[in-house]
Every structure is written in C-alpha cells, then in structure tokens.
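Colleague: At position 873 of the sequence shown (counting the first as 1) the number is 873 in full-length UniProt numbering, and the numbers step up by one without a gap.
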Amino acid sequence: MSGHLALERIEVRRTPGFRRAGFTVDGLSPGVNVVYGPNGAGKTTTARAIESILWPDDAVQPEASLFGRYLLDGARWTVDLDTTRRACQRDGLPAEPPAFPPGIARDRYRLSLTELLQADDRSFAEQIARESAGGYDVAAAAARLGFNGRVSGRQAVGDALRSARKQVDEARRVQEDLRAQELMLARLRSEQEKAAAAVGGAQALDRALELADARDAKAALTGQMKAFPEWMGRLVGDEKERLDRLREQAEAAEQARRQAEASLEEARLRLSGANLPGDGLRYEQLSAFRETLDRLRELDRTCRDAERRQAEAKAVLAAEERSLGGAVVRNRLATLALPGLQELGKHARTEAKLWGERASVEEELGRLGDETEPPDPDRLWQGMRSLSGWLRGPDPGTVSRMRRTAMTSVAVALLVGAGGFVAVGGPPVAALLALLLGLATGWGLLALLLRRAPDLRSLHRQEFERLDLAGPQVWSEEGVTARLEVLQREAVEAEAARDRKTRRSEVLQKLATLGARQAELDTERASLAARVGLPPGAGFDEWVWLVERIGSWQTAERKVREAEAALEASRRERERLLTALGAALRPFGYAEPRGVEAAVAALDDLGRRREAWEAARHAADQAQEKLEQAKNQAQRVAEERAAVFARLGLNAADLGDEAQIRRWVERLEEYRSLQSDWDFARRRVQELEPGSGESIVPWAGRPREELKQARQEVAAAAEHLEEATKEIHSIEALVEQAKKQHALEEALARYEEARDQVRALFRQEARMALGRVLASAVQELSRDSERPQVFHRARDVFARITAGRYRLELQDGEGPAFRAVESETGEGRSLEELSSGTRVQLLLAVRVAFVETQEHGVRLPLVFDEVLANSDDERARAVMDAVVALACEGRQIVYFTAQMDEVAKWRSVLRGSDVPHAFLDLAALRRGQEATRWPLPEEPALEARPVPAPGDRSYAEYGRLLQVPGIDPYASDLGHVHLWHLLDAAGDLYRVLRHGLERWGPLHTLGEPGSEALLGEDGLRIYRQAFAAARALEATLQAWRIGRGRPVDAGALAASGAVSRTFLPRVAELARQYGGDARLLVESLERGALPRFRQSSIDQLREHLEQQGYLDDLEPLAPEEVRARVLGAVAGELRQGLLTQEHVERLIRTGTGARSAVPGR
C-alpha cells in the first residue's frame, strides 16, 4: 500500500478528560490544518485521538470512545473505538486496519516546541549515527567496552605472586611435623572404634527389651477383645435409637394403612350410590346437555317472540285494510303488480317534486316585484371616478408656495457653499463665479422641475358635468366628498336593480317550462291509472297516498306470513331438541322431558348426582394415595431396619439378634477404648520390629533373661570406650596447636589468586589492543560504504526544505552531530554555526527522514504542538516554510496552538500559498455542538448573528445568539453552567462576558471581592444574584435527580467489575436499548435476557450501580414537588430581591425541561 493519508473527521465522544460531553472536529484539509483554542479546549485530546485512530491497537486510552474517518489511496476508511469494541471499515465494508509503522514509533509523528528548539539535538543525532553504522554506535560502544584506556598495576601484581610463593613453602614445612602426630592418633582411633561397636550393641539390647514388652501387651489386649462379638467394630452407637424410631414409624404406617383402607371402602360405597356408569359423567357431556338446554330456553323465548310479532303484524294488517276502505277490493290488494305500483309511486313523486319547484319559482317571482327600468350604473361609476380625480388634484395655492420654498432653498445652499469655499482658502473671484453659475443652473432645474402644471381639478369637473349627473352643491373638498358618497350608494342600487331585472326574465322562462312539464305529467297519470286499475279522476296527492297505503298493506301482509313461518320453524326445532335430549338422558335413568321445565329439573338432578360422584371419586383417589403412601412407608422402614442388621451380619427377623444389638451397644465405649489400646500396642510392635540388616535382629527372638545378661556386658565395654576417647582428645588438642590454622591451604589460595590476577591482566591488555583495531576498522567501513537509508533521506529532505542551499553531512566520533554544507561555497557548518531558522529546518528534516523510512510508502499526518511559541520571527518563518514544503509533497499537517499570534502568522503564510489549508477553532466548535446537544428549552429558534452586544433583543433571543448550551442534570458541580442561566439582564450578562467570564466556575472562584474589583460597583450585585441563582439551580437538580439515576454506559459497566470482557459488548448494547436506564437493564438481566449471565454477577452489578448513583430505588418527584422544594430553598433570596419569581421559574424549566423523565420509564 502506498499513497497519501488524509484525516477528514474526528469525533471525541468520551475520553478521561471529556466525560461530560465530547466534540467533533470536521472539515480537515488534506494539506495544512491549524487547530487553535485556549488551554482546556481539547487540543491535546484531539492529538491523542489522532494517534488512537491511526494505531487503534496501541494508542487507544481506557474508557475512550472515538470515531475517525480518513482517505487513503482513494478509499474512505472509518475507525470506531469504544471501551468494548474496535470496528474498522473500508468503503463501508468491514476490514482490518491498514499496515502502518509500528505503534512504538507513533511519537515520532508528533513534534513539540522543546524537541525542535533545544540547544542541540545530541540524543537524536546519536540515534541517526547508530543507524548509519548498521544499527550500532561504534565509537560509543568502544568507549563503553573500555578499548580506549590503558592497563595499570603490573608491578603490584608481580610482587603479590612472589610473596604468595614463599608462604606456600613455609606452610609445607609445618605440615610435615604434624604428620608424625597424626600417625599415633590413627592407632588410638582404631581402638576407639572397637569400643564404640561394643557400646552400639547396648542400644539394640534396649530395643529388644522394649519389643518384648510390646508383644506381651498386645497379646493380653487380644485376649480381652475376643470376649466381644466379631461385628462389634461395625456398630455406630445409634443402633438402639434407630431401632426404636423404626418401630414407631412401622406402627404409624400400619395405622395409616388401616385408616386409608376404611376411607377407600366408604368412598366406593358413595360411588355406587351415585348410580352413574362406571366412568361417571364427563364434564363435557354435562356441558353439552346444558348447552342443549340453553338452546331450548332460547327457542322457547323465540316462540313467544314470534307469537307476539304475529299478533302485532295481524293488527297492522287489519289497520291498513281499514284505512283503504273501499278504494280497492281486498282480494285485489295482494294481486296488484309491484312494478306497476312502483311506477305509479315514481310518477307521483315526480309530480310532487314538480309542484314544489313551481311553488318555489312563483315565490321568487313575487320577491322580485314588478319590472322597472333602473338607472345606468356605468355612468354613475364614471362620475365617481371624475370626482375622485378632482379630490386627488393639487390646490393651485399650494403649488405656488412650493415653488417659492424650493427657490429659497437652492439660493441658501449656493451661498453656504461659496462661503465655505472662501473660508478654506479659495479665491473670492472663483467663489463668485461658482455662485453665479450655480444660481443659473439651479434656476434652470427649478424651472424644469416646477413648471406650471395644468389645473387638474378643472379638467375633472368638466368631465363630470358632461355626464349629465347632478353635481355637488359646492365644489369644495367637503361638498365633492359628500356627493361622491351619494353616487356610490346610487351605483350600488343601480347594479342591484339591473341584476333583479335579469333574474326576473330567467324566472318567467323557468315557470313556463314547468307548466309544459305539468301537462305532460297529467297525460301520463291518466294512462297509468287505466293500466293499474285505479280511479282516473284522483289528483296526484291522492295517488301518492293510495300507493303508500297499498305498499304498507302488502308489507304488513308479508310480515304476517314471515312471523307464522318463523313460529313454526322454532316450534319444530324445539321439539327436535327435546327428543334428542331425552335420548341422551335415558342411560342415566330419566324419561323423555315433556317440556323445557322438565328438562331443567332432569339436568339439575343429574348435576347433583355428578357432583356427588365426583366427590366420592376424589375421596377414593385420596384414600388410595394414602394407602400407597402407608405401604411405601412400611416398606421403607422394613428396608432400613434390614439394612441395620445386614451391616452387622445379623437376621432382622430374629428377636434374639435385636436383643444382642441392644445389649452390646451399651458396652460400645468400653470396646472402643480397648480397641484404641490394642491399636496402639500393634503400632508399637510394628515400630520396634527389626528390619533386615538391623543390629537388633539377632536379639529379637531371645528370652528376656538372656537379653538382661547381655546388657550388663555391654555396660562394661562402655567404660573402656570412655578412657580411649579421653586419650584421643588429648592428642588432637596437641595436633591442633601445631597446625597454625590451615596455613598451607591459605597460602596456596593466595598463590592461585595472584596467578589469576597475572592472567587477567594479560587478557585485558590483549582485549583492549584487539578492540581498538576492530573499532577503527568498523567505523571507517560504516562511514564510507554502509551509510543507512535514514541519513540519505534526511539529506534529500533538508535540501528540498532549504531550496537546495544546504547539503547534510554526518560527522561521527565521540559526540556525533550533523553538519550542513553550503551548496554555493562548499563550506561546512556545525549546528552552533547555523542560523536559528536553518538549524530548525535541519532538525525537522532529520525527524521527517526518520519517519519516512518507517512508513514504507504510506505518508501519515504530522502533528505539531505549538512549535512557534516563544520563537523569533526567523525560526517561525523557517518552520512554516518547512511545513508548507512537506504539505506540497502530499503530507497532511495538523498544527495545534493556543496563541492567536501564531494563527495570524499562519494565515499570512498560507494566504499566498496554493497548499490546501483549514483553520479550526476548537472552542467555537465545542460551543456550537454543546448548544446543539443541550439547547435552551421551550423557546423559538433564532438564527445566530455574529453580534456580541444584545442590542434590543430579549434575554432569550440573546441566549440563542450566544449559542448558550443547556444544563447537564447529571454534572457533578455547576462550574460548567453558562452565566446566562444565572442572570436575568442582558446588560449585566454582556458586561460579564466582555471580561472573559462565561461560566459560573470562574465567577464563583473570584468571589465577592474579585467580582467587585473586576466589574466595578455593580460586580457585587451581579455576583450575589448569580450565587442565589446557582443555589436555586442546585436545588432544582438535586430534587430532579431523586429517583432518576445517571445513564449507564459501557464505561460504567466495565468499572463495575461484574461484567466480563465476553459479556461486556452485549450488556452495553442492552443498556443502549433501554436508554441507559439502570433499573430496566437489571430487570432485563434478571429475566434472562442474556443466557448464562450469572446471578452473582447481576447482584454485583446492581450493588455497583446503586453505590455510583446509576440506580435509585426512590420514586421521582412530581413537577409540583420539585417546584415546592426549590422555592423553599431560595425563599430568603426571593425576599431580599436577589431573585425574581420569573427567574426561579425559568431555572426550574431549564433544569428539568431537557430531561423531564427517566429514560424508558
């Protein structure tokens, strides 16, 4: 991979220095980026974030959450880092991070002021020197190995060797004298050994005597134990109690068995008395019977309803027949064709509609009145326009006054101008000529502009009089206005009269059309009457009545038939269900029911029988279950009793064996004591038993008397041993006095040490001589033919940065350093001889060369940290020129500074350069992002304007203009709160902001004296008001946080220690799903949201979240309770006038409005 890497976006979501709120740096240029801001704005954090994005495996900080995007070889890469994950994508697809230089070299991409402007760059020069020698600093290595020194101490080493030789000879002579005495000592020791061998037999005899005693004790105890049964050792001690308990349990089980059998017999008798089939009556059967009964009841009600509807339908039918009277024969009513009646009804409705339309038209004709000829409205409107034009025309007297005023103004202006010209030193003649010329010109312009205009009012009056309309009584503004209002009313009335005339003509034409239509309908009515068989002479209203009555009769007759049919169907269905129910009840001993009431009585009785049968069956099941339990208990007791006897090898059925157990249990403690003594005797015999080859073997089986006699003989031999030992000690004392404390060994040791010193001195001299020869040869070879790549690259970069004016050379030696050779003169200069600007360029070239040798083709961004701070103009210009040169080659530069003068220098340099560049204000970026993250609540958005003063804006609008962020309710203190929240006057806020105080923390630190000194006489008042508002805000947040824990994130989960690295990503994702609500998170885990997540881990996590304020079991306060607490906390400040009720209400809304509820709750 090769190419240019350019950072585009860096998001700092969370780092150890920005836990409350992160920030985003966007719009990075591929060339030079100047990132500036005050201390604490996030410059160092951004630099570390760049390292973490480029080296995610080496440079990421714990608990950091970062995102970065960069462009490399035309592909867009993104890196997402969090406490629990590392995600890298290439063009939107998952990918492994690109191969960059190792993370250990990342600090070489970050250049600071101290690295580039130090007195000399010795440490870095030594590094380059080692690289140019194949990775080693030959001169330094030779010096550390001591090749350059000289060997000393030859005379002292020779004298020590000769002295040691003499001491060896003297010690050998003394040793020859001691050998004669040692020969005598050997004979005495031989005698001592023989006596000691005899004394050693005494110990064997004593052991043999003890063994005999132990065997006798063991035999006696064995005889006593034979009096006990062989199973005595298997007794536990509780056998008697266990047998008693088992006997009681067996008796209880037998009694329970008898009771269960009696209950079972009683239940069977009750089952037989219920007189139901063997398997009884299932609940489903009884439910089906009851459903059939419900259907019968419903059918019975349906029959009664059908009979009622039948009677009602017959009554309606009779009423309809009476209403028809003799108009139509009853036998023909049912035979009348429905289509004919429908057509007749349709005709009648058409006539009725026509009659209604005609009546409406006649009524409208009456409202329009008689026909009259209205006046011409157009002539009236034309007259109104003439009068309006007359009113708009100018008054002739006013025009004359305007002319005089304009001429006077022009003359005065010309005179003032001429006087001013003379006053500033102009010649009077020129001023006079200019005045005359100006008068002539002004007069001409006035004549042109104020020419006598025609009399517009006369023209409009003549135009009005030609219309032959009544004019005003007086041609004045009042008279013309009054006539104009009258004409307006007359014109409106004329328009209305013309409209009435037009409408009257339309209405008469419509009335004639309706009369013709009525004649056609009369003809159609006669034809229909003849075809249907109705009286032809009736009017259309009688026809409508007759059609309606016939239709009603037919409807009533149809309902009678329908009611009869429904009644018959219900009766048949009722009889069918009664028959089916009787057949179903017959197996249970019931006859077929005659009616619904009989069916109800049968089913009620059957239900009671089933309940009795079910109760008996349940009692039988319980009795059977108790019987089985009693049998099982008896069997278990028998098995446990048999196990007691089987363990002892006895018969459980033999009462004599049980009596033995009870008798011997009483003596168990006696047996155990005897067994303990026997075990001790056995172990003692085993300990004293001789092994093969021991001295006791010959005595082990002999009688006790023989052993006692042999022990007396050994005591006599011991006395002779004591005498020999005393004589040996005497001789040894004499020999020790003559030896002079190992003189020979010490002399030989000193002699060998002296010889070793001589050998070491020789080897040291040979090593130093050979080392000097080798170091010289290697240094010469590396300087000429094996110069490393770093040095060659540094020389190229330095030449490019200095535009070819210098060439870089490296001088080796004890203190290697760079030298710059001037290209024009060939003169070489050391670092101290170079100018400060050239020296900085040289050191920068060396650093860049080292970086490029590590990159293998990928050019990573270089980060500069206030390199120009406290530097002179020459050095600053040199650094900037070098940086611009590097950017021209395709390397991205990120320059951090807190100095605005540096920003100005960079603007000046980059303004005339073609290098892409960007200037990023971190403080402004963070302010804007914080304002977006926590906006002011419940206020309309206001477009920000770059105006620092409030002007006539409201206090809320001024806050929007300043991009004031909201309040984080979970912050540990109020130092971050913007002073806009704590003040209520725009003037006071503007005054504080002008002095650089934006947040409550700095103002609080100043206190009352500092505020008064900084802000003047109003400073004390402003501070006290802000302090009171801070108390109100703190009370608001404290009340709001009750029952609302802090949001849980991955950092909180990792800090708890309860979530392993395996579960951390999944638990963090679960927390994000619940909006950080600790309560919902813990409840979800307890419900098993994550399989195999242990309960102990959940308990540990809950405890940590409670201790750290993430989980609060209290119920949140209602808004009214929060408000009451806040008002109570600042009641004194309200009385003193430091706070207003409106200000406190705004603080409450701001403190609780951004997060009015717990997430997820």
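A virtual CB, placed ideally from N, CA and C, is assigned to each residue, including glycine.
Just the Cα atoms here: how many angstroms apart are A620 and R290?
Modeller: Roughly 28 Å between the two C-alpha positions.
Colleague: Going by DSSP in three states, P94 sits in which element: helix, strand or coil?
Modeller: Three-state result, P94: strand.
Colleague: For A941, count neighbouring Cβ atoms within 10 angstroms of its own Cβ and tell me buried if that reaches 16, exposed if not.
Modeller: For A941, the pLDDT reaches just 37, beneath the cut-off of 50, and the residue's location in the model is therefore unreliable, although a value from the coordinates is still provided. Looking at its Cβ environment, which holds fewer than 16 other Cβ atoms inside 10 Å, A941 is exposed.
Colleague: Is there contact between the stretch 5-17 and the stretch 55-75, where contact requires at least three CB pairs shorter than 8 Å?
Modeller: Yes, they touch.
Colleague: Have a look at E312, D968, Y955 and flag the residue whose alpha-carbon is nearest the alpha-carbon of Y990.
Modeller: Cα-wise, what sits closest to Y990 is Y955.
Colleague: With a 10 Å radius around its C-beta and 16 neighbouring C-beta atoms as the bar for buried, classify S360 as buried or exposed.
Modeller: So S360 ends up on the exposed side.
Colleague: What does the Cβ neighbour count give for N33, buried or exposed, with the cut at 16 atoms within 10 Å?
Modeller: So N33 ends up on the buried side.
Colleague: Between Y590 and the rest of its own chain, which residues show a CB-CB distance below 6 Å, the 5 nearest in sequence each way excluded?
Modeller: Hits under 6 Å: A602.
Colleague: Assign G389 to one of three DSSP states: helix, strand, or coil.
Modeller: If DSSP states are grouped into helix, strand and coil, G389 belongs with the helices.
Colleague: Specify the secondary structure class of Q473 as computed by DSSP and reduced to three states.
Modeller: Here Q473 sits in coil by DSSP.
Colleague: Taking the C-alpha atoms as reference points, what is the distance between Q89 and A882?
Modeller: Rounded to the nearest angstrom, the two C-alpha atoms are 34 Å apart.
Colleague: Report buried or exposed for S835, applying the criterion of at least 16 other Cβ atoms within 10 angstroms of its Cβ.
Modeller: Exposed is the call here.
Colleague: By a C-beta neighbour count over all protein chains shown, 10 Å radius and 16 as the cutoff for buried, is A99 buried or exposed?
Modeller: By the neighbour-count rule (16 or more Cβ atoms within 10 Å), A99 is not buried but exposed.
Colleague: For V863 versus Y109, is the C-beta spacing smaller than 9 Å?
Modeller: The answer is yes: Cβ separation under 9 Å.
Colleague: To the nearest angstrom, how far is it from the Cα of M232 to the Cα of K218?
Modeller: Those two C-alpha atoms are separated by around 19 Å.
Colleague: By DSSP, does N632 sit in helix, in strand, or in coil?
Modeller: Reduced to three states, the DSSP call for N632 is helix.
Colleague: Would you kindly work out how many angstroms separate the C-alpha atoms of R282 and E592, rounded to a whole number?
Modeller: Looking at the two C-alpha atoms, the distance is approximately 21 Å.
Colleague: Per DSSP, R76 forms a beta bridge with which residues?
Modeller: Bridge partners of R76: L71.
Colleague: With 16 as the cutoff for other CB atoms within 10 Å, does S570 come out buried or exposed?
Modeller: It counts as buried.
Colleague: Does the Cβ-Cβ distance between L627 and E261 come in under 9 Å?
Modeller: Yes, the pair counts as a contact, with Cβ atoms nearer than the cut-off.
Colleague: Which residue comes first and which comes last in the alpha helix (DSSP H) that contains Y109?
Modeller: From DSSP, Y109 is part of no alpha helix (DSSP H); its letter is neither H nor E.
Colleague: Taking the alpha-carbon of P969 as reference, which of Y1074, H618, Q1038 has the nearest alpha-carbon?
Modeller: That would be Q1038, whose Cα lies nearest to the Cα of P969.
Colleague: Give me the Cα-Cα distance between E614 and G273, rounded to the nearest whole angstrom.
Modeller: The alpha-carbon atoms of E614 and G273 are separated by roughly 12 Å.
Colleague: Quick one, are the C-beta atoms of L456 and W381 less than 9 Å apart?
Modeller: Cβ atoms of L456 and W381: not closer than 9 Å.
Colleague: With respect to the beta strand (DSSP E) encompassing T15, which residues constitute its N-terminal and C-terminal limits?
Modeller: Run containing T15: none; DSSP gives neither H nor E here.
Colleague: Roughly how many angstroms separate the alpha carbons of H1143 and D1018, rounded to a whole number?
Modeller: Roughly 19 Å between the two C-alpha positions.
Colleague: Can you list, in chain order, the residues of its chain with a C-beta nearer than 6 Å to that of S65? Leave out the 5 residues immediately preceding and following it.
Modeller: Cβ neighbours of S65 beyond the five flanking positions: R13, R14, D82.
Colleague: Note down the Cα distance separating P946 from V858, rounded to an integer number of angstroms.
Modeller: With a pLDDT of 41 at P946, under the threshold of 50, the modelled position of this residue cannot be trusted; read the value that follows with caution. Whole-angstrom Cα-Cα distance: 42 Å.
Colleague: Below 6 Å CB to CB, which residues in the same chain sit around L317 once its five sequence neighbours on both sides are set aside?
Modeller: The answer, listed in chain order, is A556, E557, V560.
Colleague: Per the contact definition of three or more C-beta pairs closer than 8 Å, is the stretch 1046-1057 in contact with the stretch 1102-1116?
Modeller: Enough Cβ pairs lie closer than 8 Å, so yes.
Colleague: Would you call F762 buried or exposed, if buried means 16 or more other Cβ atoms sit within 10 Å of its Cβ?
Modeller: Looking at its Cβ environment, which holds fewer than 16 other Cβ atoms inside 10 Å, F762 is exposed.
Colleague: Rounded to the nearest angstrom, how far is the Cβ of A777 from that of L28, given a contact under 8 Å?
Modeller: Actually they are not in contact, since the Cβ atoms of A777 and L28 sit about 52 Å apart, beyond 8 Å.
Colleague: Would you kindly work out how many angstroms separate the C-alpha atoms of R349 and E357, rounded to a whole number?
Modeller: Between R349 and E357, the C-alpha separation is close to 12 Å.
Colleague: Specify, as a first and last residue, the run of the beta strand (DSSP E) that V863 falls within.
Modeller: Unbroken beta strand (DSSP E) run through V863: 862-865.
Colleague: Taking a contact to mean a Cβ-Cβ separation below 9 Å, would you say P950 touches G987 in this structure?
Modeller: Yes, these two residues count as a Cβ contact at 9 Å.
Colleague: I'd like the span of the beta strand (DSSP E) that includes A918, first residue to last.
Modeller: Taken as a continuous stretch (DSSP letters only), the beta strand (DSSP E) holding A918 covers 917-921.
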